[in-house]
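Residue numbers (the working numbering): 14 to 154.
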C-alpha cells in the first residue's frame, strides 16, 4: 500500500527517535552518580516524553492515512489502534499506561513517581518498537 509523504516522514522520525531512546537506555547508569546520574535520568525521561508523544501521533497519522479514522487524543488514537485489530490487549493497556505516565511527568513532579516511571522505560521502549513494527508492516515506501 502506498503511504502519503506525511506518514512516511512521521515513520522515519519515529524510527530515529526510538533509536536515540534505545541507545540512551542501553547505558549502564550504575556507573554514574550525583549530578551526572541526575542529568542522564532526566535525559531519559525527556526522550521518553518525546517518544511517547511521537507514538500516539504516528498511530493517529497511520489510522487516518490507512483506515480514515481521525483520533483527536492520545488515548482515543490508542483505542482506535486496538479496535482496528492492530494491537493486542496487552499492548493496548501498556500504551494507555505509557500515556498516563507521560502526562503524570508533564503535570506533576514527585521524585518517587519519577523513579517509578524510570523503571518502566525499557518496557515502554519495547512497546514503541512493537508499534513501529506494526505500522511498518502495514505500509511500504
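Built from N, CA and C at the ideal position, the CB exists for glycine as well.
Because the structure is a prediction, the values reported are computed rather than measured.
Return the residue from the list the options that minimises the CA-CA distance to residue i.
i           : options        : result
residue 111 : 43, 54, 62, 26 : 62
residue 129 : 114, 139, 142  : 114
residue 140 : 92, 103, 40    : 103
residue 42  : 148, 117, 131  : 131
residue 116 : 49, 87, 124    : 87
residue 30  : 65, 89, 45, 72 : 65
So residue i is in the alpha helix (DSSP H); what residue range does that whole segment cover?
i          : result
residue 43 : Segment: none, residue 43 is in no alpha helix (DSSP H) and carries neither H nor E.
residue 90 : 87 to 96
residue 84 : Per DSSP, residue 84 belongs to no alpha helix (DSSP H) and is neither H nor E.
Have a look at residue i and residue j and give me their C-alpha separation to the nearest angstrom.
i           : j           : result
residue 21  : residue 69  : 15 Å
residue 101 : residue 95  : 7 Å
residue 106 : residue 137 : 11 Å
residue 67  : residue 92  : 16 Å
residue 99  : residue 36  : 27 Å
residue 144 : residue 82  : 17 Å
residue 50  : residue 28  : 26 Å
residue 124 : residue 18  : 41 Å
residue 126 : residue 40  : 21 Å
residue 108 : residue 45  : 30 Å
residue 151 : residue 72  : 12 Å
residue 25  : residue 47  : 35 Å
residue 85  : residue 59  : 23 Å
residue 154 : residue 118 : The predicted position of residue 154 is uncertain, since its pLDDT is 47 and thus under 50; a value taken from the coordinates is nonetheless stated next. Answer to the nearest angstrom: the Cα atoms are 35 Å apart.
Secondary structure at residue i, three-state DSSP: helix, strand or coil?
i           : result
residue 154 : Here residue 154 scores only 47 on pLDDT, less than 50, and its place in the model is too uncertain to base an answer on.
residue 21  : helix
residue 123 : coil
residue 67  : helix
residue 36  : helix
residue 51  : helix
residue 132 : coil
* Inspect the CB distances between the stretch 73 to 90 and the stretch 41 to 61 and report whether three or more fall short of 8 Å. => The answer is no - the stretch 41 to 61 does not touch the stretch 73 to 90, with fewer than three Cβ pairs under 8 Å.
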